[in-house]
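Colleague: According to my numbering, the sequence shown is numbered sequentially starting from 24.
Note that the Cβ used here is the ideal one computed from N, Cα and C, for glycine as well.
Everything numeric in this text was worked out from a predicted model, so none of it was measured.
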Amino acid sequence: MSMSSEELFVFFLQVAGISKGKADICFQEFRSANCDMEKFSEYKLSKLCKTLFLQRIISRLSKVYDDPSLRKRIESTVDENFPNIKGDLHVHTDWSDGTYPIEFYVKKAEKLGYEYLAITDHSLVKKGIVQMNSDKFLKQMKHIDELQLKTPVKIIKGVEIDINEDGCLDYPDEVLEKADLVLGAVHFDYGKGEVKALELLESLLENKYVNVIAHPLNKVGKRLFYANLNKIVKLAKENKKIFEISLVPDRIEESDFIVENLKDHDVKFSFGTDSHSTKQLELMSLSNLWLDKLNKNSIANFYEDPIEFMEK
Ligand SMILES: [Zn+2]
Ligand SMILES: [Zn+2]
């Protein structure tokens, strides 16, 4: 049985952090806009979603909603059983640009039957959005120690670290050393394009503190990634790096590319929902899209201790 158009729409809105009640009202409005997503997002959602962040998510999700083949794939996975995965390895809380405090995500993780949850807030302030400098990260780690006493879910202390133009990471080494999990990410090409982004990706692959390359195609693009595939694989193996399979709905095609091109290269993977709200943790169901193509032994989320697996 596949999801009705209404259910999927409401699911998307909930994923974007809107309550079920509000999402139902939205659907009624969506109908009166003749189910034209573009029109709807412009006129109605801007009123409901006060923050730019939510608007951005909605506009990204609406692209998926409007693509029939992608939509069909998402519908089918959301209907399947929730994957038997031990935890999520990419989550943002209100310590950076996520919506809720850490404990909300932990509670949700408990409900999902997870053994662990990695909190991986963004490192520095970029483009004016409040994120987390290294002092704040150290504070967060202490806070997690306190929260840990109240939950059976192991909270992994992670960070999604940015790489600066000069190839250095946002935090000093002595701070990175303390983190359980470091997701390295290229979010900016510093106005210099894909070749620069590739150079930064290679720096991340060589950096001893980075465990996982988050959304590996970001800024680099499929063409350049493919052209340098052998080098990228070699660096990942030499330096024990994991490739993230991102479960953000509008990154599905990128994740298809990662799985197709890397699955036969004996490299390791991790699934991450890149959640910015608790509902988004349910996007883990999208991992069903690739589970039959990959060896479970190559995926960190199936291990009791994903960090130990990464460092092996
Ligand atoms: Zn990111
Ligand atoms: Zn992220």
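Taking the Cβ atom as the reference point for each residue, do Lys-291 and Ile-265 lie within a distance shorter than 9 Å?
Modeller: Position 268 of the sequence shown, counted from the start, is the residue given in the question as residue 291. Position 242 of the sequence shown, counted from the start, is the residue given in the question as residue 265. Yes.
Colleague: For Thr-174, verify whether its CB is less than 8 Å away from any heavy atom of ligand 2.
Modeller: Counted from its first residue, the sequence shown places residue 174 at position 151. No, ligand 2 has no heavy atom inside 8 Å of this Cβ.
Colleague: Taking C-beta to C-beta, are Ala-141 and Ile-179 nearer than 9 Å?
Modeller: Numbered from 1 along the sequence shown, position 118 holds the residue referred to as residue 141. Numbered from 1 along the sequence shown, position 156 holds the residue referred to as residue 179. The answer is yes: Cβ separation under 9 Å.
Colleague: Please find out if some non-hydrogen atom of ligand 2 comes closer than 8 Å to the beta-carbon of Glu-183.
Modeller: As a working mapping, residue 183 is identified with position 160 in the sequence shown. Yes, ligand 2 has a heavy atom inside 8 Å of this Cβ.
Colleague: Closer than 7 Å by C-beta to Lys-286: which residues in its own chain qualify, once you throw out the five before and the five after it? Chain order, please.
Modeller: In the sequence shown, residue 286 corresponds to position 263, counting from 1. Only Lys-316 and Leu-317 meet the Cβ criterion.
Colleague: So which of Gly-214, Asp-168, Glu-183 and Asn-230 has the shortest CA-CA distance to Asp-196?
Modeller: In the sequence shown, the residue the question calls residue 196 occupies position 173. Of the listed residues, the one whose Cα sits closest to Asp-196 is Asn-230.
Colleague: Using the rule of at least 16 other Cβ atoms within 10 Å of the residue's Cβ for burial, across every protein chain shown, is Met-24 buried or exposed?
Modeller: Sequence index remark: in the sequence shown, residue 24 carries index 1 (1-based). A caution first: Met-24 carries a pLDDT of 41, below 50, which makes its placement in the model too unreliable to give a value.
Colleague: For ligand 1, I want to know if Asn-241 counts as a neighbour, meaning its beta carbon is within less than 8 Å of at least one of the ligand's heavy atoms.
Modeller: The sequence position of residue 241 within the sequence shown is 218, counting from 1. Because some heavy atom of ligand 1 lies under 8 Å away, the Cβ of Asn-241 counts as near it: yes.
Colleague: Going by DSSP, what residues sit across from Ala-141 in a beta bridge?
Modeller: Residue mapping note: residue 141 aligns to position 118 of the sequence shown, counting from 1. Ala-141 is bridged to Ile-179.
Colleague: Entirely within the stretch 156-208 and at least 4 residues each: give me those alpha helix (DSSP H) ranges in chain order.
Modeller: Listed in chain order, they are 157-171 and 196-199.
Colleague: DSSP three-state call for Asp-212: helix, strand or coil?
Modeller: The residue labelled residue 212 in the question sits at position 189 within the sequence shown. Note: Asp-212 maps to coil in three-state DSSP.
Colleague: What are the start and end residues of the beta strand (DSSP E) that includes Lys-291?
Modeller: The count along the sequence shown starts at 1 and reaches residue 291 at position 268. Lys-291 -> beta strand (DSSP E) spans 291-295.
Colleague: Is any heavy atom of ligand 2 found at a distance shorter than 8 Å from the C-beta of Asp-297?
Modeller: On the sequence shown, residue 297 is found 274 positions in, with the first residue counted as 1. Asp-297: yes, Cβ under 8 Å from ligand 2.
Colleague: Pick from Val-209, Ala-323, Lys-43 and Ile-167: whose alpha carbon is nearest that of Asn-187?
Modeller: Within the sequence shown, the letter at position 164 stands for residue 187. The option with the nearest alpha carbon to Asn-187 is Val-209.
Colleague: In three-state DSSP terms, what is Glu-52?
Modeller: For the purposes of this step, residue 52 is identified with residue 29 of the sequence shown, where counting begins at 1. Correct three-state label for Glu-52: helix.
Colleague: Answer yes or no: do Leu-147 and Leu-304 have a C-beta to C-beta separation smaller than 9 Å?
Modeller: Looking up residue 147 in the sequence shown gives position 124. Looking up residue 304 in the sequence shown gives position 281. In this structure, Leu-304 does not lie closer than 9 Å to Leu-147 by Cβ.
Colleague: Smallest Cα separation from Asn-107: which of Lys-335, Lys-319, Glu-334 and Asp-328?
Modeller: Counting from 1 along the sequence shown, the entry for residue 107 is found at position 84. For Asn-107, the nearest C-alpha among the options comes from Lys-319.
Colleague: Between Leu-206 and ligand 2, is there a pair consisting of the residue's CB and a ligand heavy atom that are separated by less than 8 Å?
Modeller: Counted from its first residue, the sequence shown places residue 206 at position 183. Because some heavy atom of ligand 2 lies under 8 Å away, the Cβ of Leu-206 counts as near it: yes.
Colleague: What residues in its chain sit with their C-beta under 6 Å from that of Phe-105, if we drop five residues either side in the sequence?
Modeller: Translated into positions along the sequence shown, residue 105 becomes position 82. Closer than 6 Å at the Cβ level, and outside the excluded window around Phe-105, lie Ser-308.
Colleague: Closer than 8 Å: is that where the CB of Ala-237 sits relative to any heavy atom of ligand 1?
Modeller: Within the sequence shown, residue 237 is the residue found at index 214, counting from 1. Within the cutoff, so yes.
Colleague: Of all the options Met-155, Leu-224 and Tyr-213, which has the alpha carbon lying nearest to the alpha carbon of Val-198?
Modeller: Here the question's residue 198 lines up with position 175 in the sequence shown. Cα-wise, what sits closest to Val-198 is Met-155.
Colleague: Compare the C-alpha of Val-129 against each of Trp-313, Glu-334, Ser-298 and Glu-327 and name the closest.
Modeller: The sequence position of residue 129 within the sequence shown is 106, counting from 1. Taking only the C-alpha atoms, the option nearest Val-129 is Ser-298.
Colleague: For ligand 1, I want to know if His-145 counts as a neighbour, meaning its beta carbon is within less than 8 Å of at least one of the ligand's heavy atoms.
Modeller: Position 122 of the sequence shown holds residue 145. Checking every heavy atom of ligand 1 against the Cβ of His-145, one is found closer than 8 Å.
Colleague: What does Glu-30 pair with, by DSSP beta-bridge criteria?
Modeller: To locate residue 30, count along the sequence shown from 1; it is residue 7. BP columns for Glu-30 are empty, so no partner.
Colleague: Considering only the beta carbon of each residue, do Ser-300 and Thr-122 sit closer than 9 Å?
Modeller: Mapped onto the sequence shown, residue 300 falls at position 277. Mapped onto the sequence shown, residue 122 falls at position 99. Yes, the pair counts as a contact, with Cβ atoms nearer than the cut-off.
Colleague: Quick one: measure Cβ to Cβ for Phe-160 and Val-182, integer angstroms, because I've assumed they're closer than 8 Å.
Modeller: Start at 1 with the first residue of the sequence shown, and residue 160 comes out as number 137. Start at 1 with the first residue of the sequence shown, and residue 182 comes out as number 159. Correct: roughly 6 Å between the Cβ atoms.
Colleague: Buried or exposed for Pro-91, please, with buried defined as at least 16 other CB atoms from any protein chain shown within 10 angstroms of its CB.
Modeller: Start at 1 with the first residue of the sequence shown, and residue 91 comes out as number 68. The residue in question, Pro-91, is exposed, as its Cβ has fewer than 16 Cβ neighbours within 10 Å.
Colleague: Hey, how far is the Cα of Ala-202 from the Cα of Asn-234?
Modeller: If you number the sequence shown from 1, residue 202 lands on position 179. If you number the sequence shown from 1, residue 234 lands on position 211. For Ala-202 and Asn-234, the distance between alpha carbons rounds to 10 Å.
Colleague: Got a sec, what are the start and stop residues for the alpha helix (DSSP H) Glu-126 sits in?
Modeller: Residue numbering aside, residue 126 sits at position 103 when the sequence shown is read from its first letter. Counting along the chain, the alpha helix (DSSP H) containing Glu-126 begins and ends at 125-134.
Colleague: Go through the stretch 214-241 residue by residue and report every complete run of the alpha helix (DSSP H) that reaches 4 residues or more, in order.
Modeller: Whole alpha helix (DSSP H) segments, 4+ residues: 217-229.
Colleague: If I measure Cβ to Cβ from Val-38 and keep anything under 6 Å in the same chain, skipping five residues before and after, which residues do I get?
Modeller: Indexing the sequence shown from 1 puts residue 38 at position 15. For Val-38, where only same-chain residues beyond five positions count, the Cβ hits under 6 Å are Lys-302 and Gln-303.
Colleague: Return yes when at least one heavy atom of ligand 1 lies under 8 Å from the C-beta of His-210, else no.
Modeller: Taking the sequence shown and counting its residues from 1, one reaches residue 210 at position 187. Under cutoff, so the answer is yes.
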